[in-house]
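I have placed the structure first, in the form of structure tokens, so that the comments after it can refer back to it.
Protein chains in written order, with the numbering used here: chain A, 21 to 304; chain B, 21 to 304.
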């Protein structure tokens with residue numbers, strides 16, 4: 021099978037390194053940065069890299085697009101004529117409904133677009149942080165639609181398992197975007213607000229583990245995150261508002277010196293948190 | 021030197037294990053739980069444990085109180101007559117001003133109370149999670165007042181260094197409580213609100229690293245944290261309000277679909293976050 025990876029950043033580079041070890045027939049890359057292509061070729065991560073899609077796409081059975089949301093949509097649109105007949109296109113964008121709505125109506129009828137999301141982001145970017153074991157044990161989300169062929173879904177599932185993902189979940193795009201607003205986008209927004217709320221203090225002096233952990237993702241890739249937050253705006257706003265309500269409840273108990281009410285809230289939280297982390301990952 | 025540790029939980033137990041290796045003349049403990057005393061004696065963590073303070077305190081040069089805030093204040097008050105002449109009393113409570121105000125006015129004139137705070141909390145409690153290297157490389161805060169003798173401050177600093185703390189900072193109690201409201205109490209409140217805001221979702225399904233990190237401390241010890249939050253109420257409320265303002269600013273940019281404003285906020289956050297973590301720890 022011939023594979024093309026589009027975008028050799030943290031995710032694309034890790035895909036290339038992990039799949040390289042499975043010895044595919046051809047492993048090509050499309051990457052706008054010439055220097056990154058040269059590096060990847062020298063290190064043997066890919067067979068060959070291209071600045072544009074035309075040549076490798078014609079012979080690729082699966083195309084894994086590892087670009088930011090807007091760039092991913094544009095790439096598929098702009099290269100529609102080049103994809104091999106019957107090819108499977110997949111992506112790794114962190115929000116799904118909007119992208120699917122942009123792609124499916126313009127997709128050639130012989131092609132299939134399987135939307136995916138590796139739960140393996142990090143607060144770094146670029147090929148230099150990619151690694152062959154970046155996905156080891158991680159979870160991959162696939163968000164099928166009625167437009168998808170079962171064989172295409174299975175192909176993507178197999179490829180991501182080959183790349184090291186342990187759990188592959190199939191969830192509707194809508195459910196994905198609702199949930200990811202809570203589990204990824206809200207924590208990023210909170211981390212950003214927490215960093216900005218430090219006026220008048222030198223948090224570095226007393227930055228305990230809780231502060232470090234809660235602000236880790238504030239080392240944010242602003243270009244990517246503007247797209248993710250605005251691309252999932254309704255869900256993100258709903259989650260922020262729900263969070264604000266819960267924060268106000270705790271604040272009220274503190275302001276009113278209500279030890280019993282505060283204790284009850286914190287105890288409920290502890291039990292919920294332990295439940296969440298014990299919850300087995302399962303398919304929906 | 022004879023040392024008594026009061027409370028053989030996570031912090032007290034770790035102190036005992038770490039100081040044991042330095043072979044003090046006597047290493048005693050006061051602990052209300054008989055089973056914990058027996059375990060600690062059997063494992064050789066302490067020379068001898070007592071249910072009450074009267075006997076060991078009479079011969080202890082330094083008493084390290086590792087209890088919750090209210091219990092720490094009560095212990096010192098209730099055992100005032102037993103402390104050895106000239107002894108140094110120190111504590112490990114996470115908020116300082118209130119405790120100092122409760123202790124100093126009632127302290128025998130020959131005693132010195134040095135308030136301390138190990139930045140080494142964990143989301144677990146009890147002797148079973150204690151370890152001899154729990155403090156290795158961590159920061160210890162001492163909050164001196166005019167009532168303190170320089171020799172007493174140095175003694176506590178030396179003992180905590182012997183226990184493994186690498187950096188010892190001296191900060192005023194007021195400054196400590198202001199800063200810790202931002203760097204520890206606010207992240208705990210946020211983690212609790214974040215857990216409670218998950219209604220309608222199954223976050224366990226898509227719990228990425230950011231969610232896990234941001235809610236780690238939601239495995240909260242509710243009894244302890246009610247005391248910490250209410251004991252530092254004014255500072256905590258001010259920090260919650262500042263955070264709410266910063267969150268509202270981000271929310272506004274998302275709601276208004278303002279890519280440029282949102283990008284500017286996130287970029288500022290990234291730079292601040294990198295600055296905080298590079299900031300050298302220094303004395304004030």
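Ideal Cβ positions, reconstructed from N, Cα and C, are used throughout, including at glycine.
Just so you know, these numbers come straight off a predicted model, no measurement behind them.
Annotated three-state conformation of residue 44 of chain B is coil, per DSSP. A distance of 8 Å or more separates the beta carbons of residue 74 of chain B and residue 155 of chain B. Here the alpha carbon of residue 93 of chain A sits roughly 15 Å from the alpha carbon of residue 72 of chain A. With contacts defined by Cβ atoms closer than 8 Å, residue 138 of chain B and residue 112 of chain B form a contacting pair. Where residue 138 of chain A is concerned, the enclosing beta strand (DSSP E) starts and stops at 136–138. Listed along chain A, the residues sitting closer than 9 Å to residue 209 of chain B by beta-carbon distance are 267, 270, 271 and 274. In terms of Cα proximity to residue 41 of chain B, the closest of B:265, B:167, B:96 and B:67 is B:67. For residue 53 of chain B and residue 102 of chain B, the gap between their C-alpha atoms comes out near 21 Å.
Neighbours of residue 62 of chain A in chain B, taken as residues at a C-beta separation under 8 Å, are lacking, since the least C-beta distance is about 30 Å. Annotated three-state conformation of residue 52 of chain A is coil, per DSSP.
When beta bridges are read from the DSSP output, residue 165 of chain B appears opposite no residue. Between the region 196–203 of chain B and the region 268–288 of chain A, the count of C-beta pairs closer than 8 Å stays below three; the two stretches do not touch.
Contact note: residue 256 of chain A reaches chain B through 274, using a C-beta cutoff of 8 Å and chain order. Identification of chain B residues near residue 227 of chain A by a Cβ-Cβ cut-off of 7 Å yields 203 and 296, ordered along the chain. In the three-state scheme derived from DSSP, where H, G and I count as helix and E and B as strand, residue 274 of chain B is classed as helix. Spanning the alpha carbons of residue 222 of chain B and residue 215 of chain B requires a straight line of approximately 11 Å. Taken in chain order, the unbroken stretches of beta strand (DSSP E) that lie wholly in the region 174–207 of chain B and span 3 residues or more are 187–190. The three-state secondary structure of residue 112 of chain B, taken from DSSP, is coil. Distances from the CA of residue 145 of chain A to each of A:239, A:175, A:265 and A:262 were compared; the closest alpha carbon is that of A:239. Contact note: residue 221 of chain A reaches chain B through 198, 199, 202 and 203, using a C-beta cutoff of 8 Å and chain order.
Classified as exposed, residue 58 of chain B has fewer than 16 neighbouring CB atoms from the shown chains inside 10 Å of its CB.
Among the CB atoms of chain A, none fall inside 8 Å of the CB of residue 144 of chain B.
The alpha-carbon of residue 76 of chain B is positioned some 17 Å away from that of residue 64 of chain B. The C-alpha of residue 281 of chain A is placed about 18 Å away from the C-alpha of residue 260 of chain B.
Contact check for residue 189 of chain A against residue 82 of chain A fails: the beta carbons are separated by 8 Å or more.
At a cut-off of 8 Å between C-beta atoms, residue 155 of chain A does not count as an interface residue with respect to chain B.
When the Cα atoms are used, residue 242 of chain A and residue 55 of chain B turn out to be separated by approximately 53 Å. A direct Cα-Cα distance of roughly 21 Å separates residue 22 of chain B from residue 127 of chain B.
DSSP places residue 251 of chain B within a helical segment (H, G or I) once states are collapsed to three. Within its own chain, no residue has a Cβ closer than 7 Å to the Cβ of residue 250 of chain A once the five positions on either side in sequence are excluded.
As the crow flies, the alpha-carbon of residue 115 of chain A is around 53 Å from that of residue 122 of chain B.
In this chain, the alpha helix (DSSP H) harbouring residue 230 of chain A covers 229–235. Residue 112 of chain A has a beta carbon lying at 8 Å or more from every beta carbon in chain B. For residue 22 of chain A, the enclosing beta strand (DSSP E) starts and ends at 22–26. Per DSSP, the beta bridge partners of residue 83 of chain B are B:24 and B:109. For residue 68 of chain B, the pairing in a beta bridge is given by DSSP as B:48.
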